[in-house]
Each structure stands twice: as structure tokens, then as C-alpha cells.
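Asks:
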Amino acid sequence: MLELVDSSSASCRSEYRVRRLENLNYYWVKPIGILNLRLNEKIHIFIDGKEIECFEGEILLWVALDQGIYIPNLCALRERREPFGGCRLCFVEVEGEDFPVTACTKKVKEGMVVQTKGERALRLSRTAFELILSNHPVDCAHCLKSGSCELQRMAKHLKVKLNTKRFKKILRDLPIDETSPLLTYDPNKCVLCGKCVWLCQEKYQIGAIGFAYRGFQRWVTTFNNEPIGGSECRDLVELITICPVGAFVGKQKGAEK
Ligand code: SF4
Ligand code: FES
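Offset between the sequence shown (1-based) and the working numbering: plus 478.
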């Protein structure tokens with residue numbers, strides 16, 4: 479694998495594109511401001527007993543998902559240079575490690591042995607999931623994301639009911655924003671994964687939406703809580719697809735699939 483190392487400062491917005499031509503171990507690279515390139519070794523690891531060939535230093539979460547091995551995740555994005563690591567859902571057990579680790583921050587090494595269904599890892603993931611559900615309005619029958627919602631997939635995988643009562647339910651009552659011509663934003667359904675913020679701030683460098691406040695009050699909003707429809711994000715249909723739950727949904731049928 480070609481690892482792109484940009485040692486410039488965080489404020490330097492260098493861009494790059496890498497395309498791997500499968501089976502040829504050949505890469506087309508179009509760099510703008512890349513300072514170092516390093517060729518990584520092919521290695522073998524084991525996930526749930528399955529031997530997998532990958533490249534040293536790849537992120538364990540993507541290696542597993544690419545092999546069809548599901549690990550719950552909400553905040554991870556392949557394009558992100560540094561993992562966000564905020565949702566705490568992607569725990570796995572790695573042989574030799576004392577505690578479960580987050581797969582989105584773990585780099586693979588030769589001979590690594592990973593269990594995605596270890597009891598300790600599942601317990602942590604379930605707790606994180608049930609905490610998210612404790613302030614998520616579960617109303618799948620009326621939610622446009624139903625069927626493609628990541629929470630539904632996770633509930634099935636973790637064997638947790640969406641209407642779990644393990645933690646006291648505390649719902650927010652924030653205004654639903656219908657001001658964009660293309661999308662509806664319901665902050666009450668937001669799980670604070672940060673993907674939309676990354677899209678707006680990092681990918682498109684618009685900066686119209688971001689996190690505001692702390693703790694239970696934390697939510698994604700615009701500067702001064704102005705309506706989305708008046709912001710530069712109003713036409714960003716990618717918000718609909720990047721949002722893993724029903725917080726951003728399209729006004730046109732099927733937009734969120
Ligand atoms: S609105 Fe959606 S994408 Fe944005 S932080 Fe909330 S859940 Fe994540
Ligand atoms: S996907 Fe790993 S912490 Fe969110």
C-alpha cells in the first residue's frame with residue numbers, strides 16, 4: 479500500500495489522489511504538496527479465524543469491512559486523515575492486548591489475531607450503543623432513513639433492542655429545520671458522529687455547520703443557530719448520504735438511500 483504522509487502543518491490543505499490498480503500492485507498518484515511516500519509491506523492477519531492479506535499499517539476497521547466482517551462504527555470515515563474515535567462502538571479484541579481496542583484507530587501488524595465478537599469487546603460496544611439510544615427518538619416507522627439507518631444494522635448485530643430500557647431515556651426537543659430546499663435536518667436524531675461537520679468543514683471547507691455547546695447540550699448547528707436554508711450548506715446533498723441516521727434526510731424520495 480502506498481501510504482501518503484503529509485508532514486506539513488494541519489493548516490496546509492494539500493490534496494492528493496491515489497488509485498490502486500487491483501492485482502498489479504501499481505498505483506497512480508496525483509500529488510499536490512505531498513512531502514513523503516512510503517511503500518508498505520504485505521502482511522497476513524487473522525480476523526475471527528479468517529486469514530487476510532493486507533498492508534502493514536492499514537486501519538483494522540477498513541481491513542475487516544473490506545472482507546465483509548462487520549464491526550459497528552458510526553464516526554469513522556476513510557477519507558479522514560486522523561480517526562475521530564468518538565462513538566466508541568468499534569471495539570475488538572486483539573491477542574496480546576490487555577483491553578479491547580477501537581478498530582478505527584488500530585493499525586494492522588504482521589500476524590495480528592483479532593476477535594470481533596469477544597465478550598469484553600461486545601459489552602463495551604453494547605454499552606456505547608445503548609447510551610446513544612438513550613437520547614435517540616426511536617420511531618423507525620416514520621423515519622425516512624429506516625432500512626438504511628446504521629442504528630438498525632447495529633441493533634441487529636449487537637443483539638440489542640432499539641427500544642432498550644437499560645438507560646433512562648432523555649430526549650431533546652430541538653426545532654426541526656425544514657428551510658433547505660433539498661433536505662430536512664432533525665437535530666433530535668443526531669448521534670454526534672461528526673461526519674457532516676467533517677464534510678462541511680474539512681472536505682468542502684465551507685464551515686457553515688459545526689458542533690456547539692457541551693455534554694448533553696451538544697449538537698450540530700450553524701453559526702448563531704441560523705436556519706440551514708440560509709447557510710452555504712443548504713444545497714449539500716451529500717449530508718443526506720453521509721449522515722448514518724435520520725438527522726439529515728432528503729426531501730426527494732429515495733435521496734438517503
Ligand atoms: S447530523 Fe448526522 S452526520 Fe451530522 S453529526 Fe449528527 S448523526 Fe452525524
Ligand atoms: S468508529 Fe471507532 S470510535 Fe467511532
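Note that beta-carbon positions come from the ideal geometry of N, C-alpha and C, so glycine has one too. These numbers come from a predicted model, not from an experiment.
Is the closest heavy atom of ligand 2 to the C-beta of A542 under 8 Å?
Replies: Incorrect: A542 has no Cβ contact closer than 8 Å to ligand 2.
Asks: Do three or more CB pairs link the stretch 645–656 to the stretch 612–620 at distances below 8 Å?
Replies: Cβ pair count under 8 Å is three or more, so yes.
Asks: Do E710 and A686 come within 9 Å of each other at the CB atom, strictly closer than that value?
Replies: It is a contact, given that the beta carbons lie within the stated cut-off.
Asks: Taking the beta carbon of K585 as the centre, do at least 16 other beta carbons fall within 10 Å, making it buried, or is it exposed?
Replies: Per the 10 Å Cβ criterion, exposed.
Asks: Could you check which residue in N703, L552 and K595 has the C-alpha nearest to that of A606?
Replies: For A606, the nearest C-alpha among the options comes from L552.
Asks: What separation, rounded to the nearest whole angstrom, lies between the Cα atoms of P578 and G708?
Replies: Rounded to the nearest angstrom, the two C-alpha atoms are 44 Å apart.
Asks: Since F569 and T580 are thought to touch, with beta carbons under 8 Å apart, how far apart are those beta carbons, to the nearest angstrom?
Replies: Rounded, the Cβ-Cβ distance is 6 Å, consistent with contact.
Asks: Taking three-plus beta-carbon pairs below 8 Å as touching, is the stretch 623–642 in contact with the stretch 532–541?
Replies: No, because fewer than three Cβ pairs between the stretch 623–642 and the stretch 532–541 fall closer than 8 Å, the two stretches do not touch.
Asks: When burial is assigned at 16 or more other CB atoms within 10 Å of the CB, is G527 buried or exposed?
Replies: By the 10 Å Cβ count, G527 comes out exposed.
Asks: Which complete beta strand (DSSP E) runs does the stretch 622–702 hold, if anything under 3 residues is left out?
Replies: Correct list: 661–663, 687–690 and 697–700.
Asks: In chain order, what residues have a CB nearer than 7 Å to some heavy atom of ligand 2?
Replies: Here the residues come out as L539, N551, L552, C553, A554, P561, F562, G563, G564, C565, R566, L567, C568, T580, A581, C582 and T583.
Asks: Can you list, in chain order, the stretches of the alpha helix (DSSP H) that have 4 or more residues and sit fully within the stretch 531–595?
Replies: Segments of the alpha helix (DSSP H) lying fully in the stretch 531–595: 538–544.
Asks: Determine contact between the stretch 689–700 and the stretch 660–669, defined as no fewer than three beta-carbon pairs at a distance below 8 Å.
Replies: As far as the Cβ criterion goes, the stretch 689–700 touches the stretch 660–669, which means the pair count is three or higher.
Asks: Where does G707 sit, in a helix, a strand or coil, going by DSSP?
Replies: Residue state, collapsed to three classes: helix.
Asks: Can you name, in chain order, every residue of its own chain whose Cβ lies under 8 Å from the Cβ of P659, other than the five neighbours on each side?
Replies: Within the same chain, P659 has close Cβ partners G707, R712, D713 and K729.
Asks: Using alpha carbons as the reference points, say which of A690, F701 and E656 lies closest to I684.
Replies: Closest by alpha carbon: F701.
Asks: Kindly indicate which three-state DSSP category H614 falls into: helix, strand or coil?
Replies: Three-state DSSP puts H614 in coil, outside helix and strand.
Asks: In or out: C532 buried (at least 16 other Cβ within 10 Å) or exposed?
Replies: The residue in question, C532, is buried, as its Cβ has 16 or more Cβ neighbours within 10 Å.
Asks: DSSP has I523 in a bridge; who is on the other side?
Replies: Partner(s): I530.
Asks: Measure the C-alpha to C-alpha separation of C678 and V723 and round it to an integer number of angstroms.
Replies: Going by the C-alpha atoms only, they are around 17 Å apart.
Asks: Could you please give the first and the last residue of the uninterrupted alpha helix (DSSP H) stretch that includes L717?
Replies: Its alpha helix (DSSP H) spans residues E716 to I720.
Asks: Are L555 and I718 close, meaning C-beta to C-beta below 9 Å?
Replies: Their beta carbons are not under 9 Å apart, which means L555 does not touch I718 by this criterion.
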